[in-house]
Amino acid sequence: MKALYIFLIIIILFIACDDEYKPNDNEPKEYDTLSVMSYNLYFGANIFPLLLSESVDDLAENTLPIYKEILEANDFNDRGKKIAEMIAENDIDIVCLQEVAKFYSQEKSDYIDSNVTPNADILEIDYLDVIMSNLNALGKDYVLISYTNNSDEEFPSTFDNINYFDIRMVEGDAIIAKSSLNIVAENSLRYTDNIRFSLPAFPIDTISLYKSVTYAQIYGVTLANTHLEIGLGDTQERQADELLDLFSDRDNVILAGDFNSGPQESGGFETPSYENILLEYLDTYEEINPGGELYTCCQDSLNQVENSATSRIDIVFYKGNRLKVLDFYPLGNTIESKTDGGRWASDHIAVVSVIQIEK
């Protein structure tokens, strides 16, 4: 009998110990893990030839092939579907998007009558809507967290040099995330320094190409999405300095985006912004693949066969003792990841960092 009592006591203690250490899903975890993706969607064409036009008629002739390239050759309905599939298949938590475009048309141009206010209102395509609609079709519930508008310009175009219509081009950056996440938009702002083009032959004197940063809060961590200017003069470096100043008093920050600057040994553009950011932040790719080779920009053509990226400028940085990088991987960098139409989904490669956040 004594032996039976001892046996029963041991069983009770064993059950008690098992209950004590059994994980309870209702109790808060000591950390959360997030996958953060950065992807430059590619506006769809190079618009700089427009800025070199010598007259309004010249501008109208230059606009048409660019508009066709955007809507036809680089069709975003095809590209957006693949991008949504990449997000869904990899179960990405937060997606930071750059060059999120919308295009409108206006049947009768008023630009040629010197009305340069962007007012075309016939929507031709909305990149963000294409992605969100495809995610919804895949049964994925994502929401827009924040958006910042970088540019809103309108240009004339013509098929016959007689009848003119207007094309409105809107571009910005956005953060989308799973609806289940407790992420709250905080602010969006344009950088103080931006590129301005003088257009003496146009009805307007200058065009400003704005760049910006949009950011949110999640689990007490700042998550920022940005797109710095290309290396024209020192504008990009001043934008990077402004970005660093903006979050200088914050302890835990994730910076994602297209920085147009990267490590020289990995083909980064020759600007000091990357190295300056590294004075305060860590590069998630280098944390997982020190000294590795990854190229994220840029495809010469979306319809080419091979991946021709030669620079790593799409980066996820972080700082803070509550953050730890668990994994890093690219998306959209293989021939197998092309769209149904045989295109690359963007001229950039998407980058994904998996980050642990300690509570």
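Just so we're aligned, residue 12 is where the sequence shown starts under the working numbering, counting upward by one.
Even for Gly, the Cβ is constructed at its ideal location relative to N, Cα and C.
Because the structure is a prediction, the values reported are computed rather than measured.
- The C-beta distance from Thr159 to Gly183 rounds to 5 Å, short enough to meet the 8 Å contact threshold.
- Taking the CA atoms as reference points, Lys92 sits about 18 Å from Val362.
- If you check the CB distance, Ala56 and Glu80 come in under 7 Å.
- Looking at the DSSP output, Asn51 shares a beta bridge with Gln109.
- Remark: C-beta atoms of Thr237 and Gly268 approach each other more closely than 7 Å.
- Taking C-beta atoms under 8 Å as the contact rule, Lys335 and Gln367 qualify, at a distance of about 4 Å.
- Cβ neighbours of Thr350 within its own chain (closer than 8 Å, five residues either side excluded): Asp89, Arg90, Lys92, Lys93, Ala356.
- Looking only at Asn314, Gln315, Tyr340, the smallest Cα-Cα distance to Gly303 is reached by Tyr340.
- The criterion of a C-beta distance shorter than 7 Å is not satisfied by Ser157 and Asp104.
- The residue among Leu337, Ser284, Leu63, Gly150 with its C-alpha nearest the C-alpha of Ile299 is Leu337.
- Leu257: member of the alpha helix (DSSP H) spanning 246–257, first to last residue.
- The C-beta of Tyr42 has fewer than 16 other C-beta atoms within 10 Å across all chains shown, which makes the residue exposed.
- Under the DSSP assignment, Ile133 falls in the beta strand (DSSP E) whose first and last residues are 133–137.
- Closest option to Gly231, judged by alpha-carbon separation, among Glu197, Tyr221, Tyr306: Glu197.
- Annotated three-state conformation of Ala361 is strand, per DSSP.
- Leu155 is positioned such that its CB atom lies no closer than 7 Å to that of Ala99.
- Judged by DSSP secondary structure, Gly268 falls outside any alpha helix (DSSP H) and instead within the beta strand (DSSP E) spanning 264–269.
- Per the C-alpha coordinates, the member of Ile324, Ala320, Gln310 positioned closest to Glu297 is Ile324.
- Here Arg354 carries a coil assignment [DSSP, helix/strand/coil].
- Under the three-state reduction of DSSP, Arg323 is assigned to coil, being neither helix nor strand.
- Here Ala112 really is in contact with Phe54; their C-beta atoms are around 5 Å apart, less than 8 Å.
- Beta-bridge partners assigned by DSSP to Asn147: none are found.
- Here Glu164 carries a strand assignment [DSSP, helix/strand/coil].
- Among the bridge pairs identified by DSSP, Phe328 is matched with Leu266, Asp294.
- Rounded to whole angstroms, the Cβ separation of Gln310 and Asp358 is 4 Å, and the two are in contact under 8 Å.
- For Phe114, the beta-bridge partners assigned by DSSP are Ile136, Met180.
- Assigned with DSSP and collapsed to three states, Leu70 falls in helix.
- If the five residues before and after Gln250 are omitted, its C-beta is found closer than 7 Å to the C-beta atoms of Tyr202, Asp204, Lys222, Leu239, Glu240, all from its own chain and listed in chain order.
- In this structure, Ser364 sits away from Thr307, with a CB-CB distance that is not shorter than 7 Å.
- Here Arg207 is exposed: its Cβ has fewer than 16 other Cβ atoms, across all protein chains shown, within 10 Å.
- Between the alpha carbons of Ser162 and Arg333 lies a gap of roughly 36 Å.
- DSSP places Lys335 inside the beta strand (DSSP E), whose first and last residues are 334–342.
- Cβ-Cβ distances below 7 Å link Val141 to Phe87, Asn88, Gly91 in the same chain, with the five nearest sequence neighbours on each side left out; the list follows chain order.
- Put simply, the backbone Cα of Leu61 is about 22 Å away from that of Asp137.
- For Val154, the beta-bridge partners assigned by DSSP are Ala188.
- Counting the other Cβ atoms within 10 Å of the Cβ of Gln275 gives fewer than 16, which makes it exposed.
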